[in-house]
Amino acid sequence: MLILFCLKLKFFLFRQKYSIMDFSLSELNTEMRNEISSALDLLQQKQLTIEEELNKCNKKNDEIHAQQKEAMREIAAVKRRQLELQNDIDLSASYLSELRKEEKILLEFNTNLLNDVSELEETLNNLRKKDDEDVQNGIKKLIDAIDGANELYEFYDVNMCKIGRENLDKEIKQRTEEYESLIIQKEQLQTTIAEKLTEIEKHKEKLKALPSPILMKIIIKKLQADRTSLLLKLMLLRAKQKMKHLFIPQISEA
Numbered sequence: 201m202l203i204l205f206c207l208k209l210k211f212f213l214f215r216q217k218y219s220i221m222d223f224s225l226s227e228l229n230t231e232m233r234n235e236i237s238s239a240l241d242l243l244q245q246k247q248l249t250i251e252e253e254l255n256k257c258n259k260k261n262d263e264i265h266a267q268q269k270e271a272m273r274e275i276a277a278v279k280r281r282q283l284e285l286q287n288d289i290d291l292s293a294s295y296l297s298e299l300r301k302e303e304k305i306l307l308e309f310n311t312n313l314l315n316d317v318s319e320l321e322e323t324l325n326n327l328r329k330k331d332d333e334d335v336q337n338g339i340k341k342l343i344d345a346i347d348g349a350n351e352l353y354e355f356y357d358v359n360m361c362k363i364g365r366e367n368l369d370k371e372i373k374q375r376t377e378e379y380e381s382l383i384i385q386k387e388q389l390q391t392t393i394a395e396k397l398t399e400i401e402k403h404k405e406k407l408k409a410l411p412s413p414i415l416m417k418i419i420i421k422k423l424q425a426d427r428t429s430l431l432l433k434l435m436l437l438r439a440k441q442k443m444k445h446l447f448i449p450q451i452s453e454a
């Protein structure tokens with residue numbers, strides 16, 4: 201009887217011991233499971249945040265490059281327009297110089313015509329004093345010559361050349377104003393480009409401050425490896441817990 205009582209007491213104490221161990225292991229597994237889940241969530245959030253920041257930086261960098269290309273295209277267009285205006289001004293100046301040369305030639309021709317007309321009028325007056333048929337024919341020829349000279353004088357009207365020169369001066373002035381306006385636009389574009397380049401340098405510094413893409417990949421791989429390791433630990437704990445539950449009933453039956 202005493203031996204039976206001792207065996208029962210020993211069995212009772214043994215069950216009490218394993219009940220306490222079972223409760224402690226269950227509480228420990230719950231805490232570890234919660235810590236592992238929290239760590240996994242935190243790692244996932246960090247990974248998503250890093251990937252989002254990297255995408256934002258890449259998008260902003262692409263936008264800045266597009267703006268820079270657009271600004272360079274505008275500068276090239278302004279330079280082309282500036283060269284066209286400069287060529288137009290040079291051509292207009294050359295044309296004006298040619299017109300002034302022609303005006304000088306016409307003035308000399310006009311002076312010569314006036315002298316010729318004066319000589320013809322003087323000759324006509326002298327011939328009018330004579331009253332014969334030859335003189336009349338000569339007078340007629342002289343009148344025709346004077347009429348032809350007058351028509352030629354009207355054709356080479358100096359006033360028309362002056363009007364053409366004034367119109368050309370106005371056009372040159374207008375083209376010069378357009379050229380000055382383009383220079384102002386070019387300066388404004390250069391200021392804008394300088395600001396954009398400063399902004400680009402700032403973003404480059406921000407990008408430099410971030411880890412390199414290779415380092416980011418290494419960090420992401422490490423996070424994934426840590427996550428896999430934690431999942432394996434969690435699975436191991438669950439397996440141990442199942443083994444413990446299987447082991448305790450066998451002891452109880454014993």
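The sequence shown begins at 201 in our numbering and counts up one residue at a time.
From the three backbone atoms N, C-alpha and C, an ideal C-beta is built for every residue, glycine too.
Quick caveat, the model's predicted, so the values are computed rather than measured.
### Query
Which value, in whole angstroms, describes the spacing of the CA atoms of A276 and Q267?
Cα to Cα, A276 sits roughly 14 Å from Q267.
### Message
Quick check on this structure: which residue in Q374, I384, L436 and L254 has the alpha carbon closest to the alpha carbon of D288?
### Response
Minimum Cα distance to D288 is reached at Q374.
### Inter-residue spacing [alpha-carbon to alpha-carbon] between Y356 and E366
Low local confidence applies: a pLDDT of 49 at Y356 is under 50, so the model's placement there is unreliable, with the coordinate-based value given in what follows. Y356 and E366: Cα-Cα distance of roughly 17 Å.
### Query
Taking DSSP as the reference, what is the three-state secondary structure of L434?
When DSSP states are grouped into helix, strand and coil, L434 belongs to the helix group.
### Message
Taking the alpha-carbon of E284 as reference, which of S429, E378 and T398 has the nearest alpha-carbon?
### Response
Comparing Cα-Cα distances from E284 to each of S429, E378 and T398, the minimum goes to E378.
### Message
Looking only at its chain, what residues have a beta carbon closer than 7 Å to the beta carbon of A499, apart from the 5 residues adjacent to it on each side?
### Response
Nothing about residue 499 can be reported from this structure: the residues present for the chain run from 201 to 454 only.
### Task
To the nearest angstrom, report how far apart T428 and E252 are at their CA atoms.
A straight-line Cα-Cα distance of about 22 Å links T428 and E252.
### Uninterrupted alpha helix (DSSP H) stretches inside the stretch 239-285 (no shorter than 4 residues)
Counting only unbroken stretches of 4 or more residues, no alpha helix (DSSP H) element lies wholly within the stretch 239-285.
### Cβ separation of A271 and T398, assumed to be a contact under 8 Å, to the nearest whole Å
The Cβ separation is near 13 Å, so there is no contact.
### Query
What residues in its chain sit with their C-beta under 7 Å from that of F223, if we drop five residues either side in the sequence?
Residue confidence for F223 is low, a pLDDT of 46 falling below 50, so the modelled location carries little weight; the figure read from the coordinates is stated next. There are no such residues.
### Query
Is the Cβ-Cβ distance between L382 and Q282 less than 8 Å?
At a Cβ-Cβ threshold of 8 Å, L382 and Q282 count as neighbours.
#### Entry: Contacts around E322, its chain only, beta-carbon distance under 8 Å, and the 5 residues preceding and following it disregarded
So no residue of the chain qualifies.
### Task
Would you tell me roughly how many angstroms separate the C-alpha atoms of N234 and Q245, rounded to the nearest one?
Between N234 and Q245, the C-alpha separation is close to 16 Å.
#### Entry: Whole-angstrom distance between D290 and R300, CA atom to CA atom
Cα atoms of R300 and D290: separation of roughly 15 Å, rounded to the nearest angstrom.
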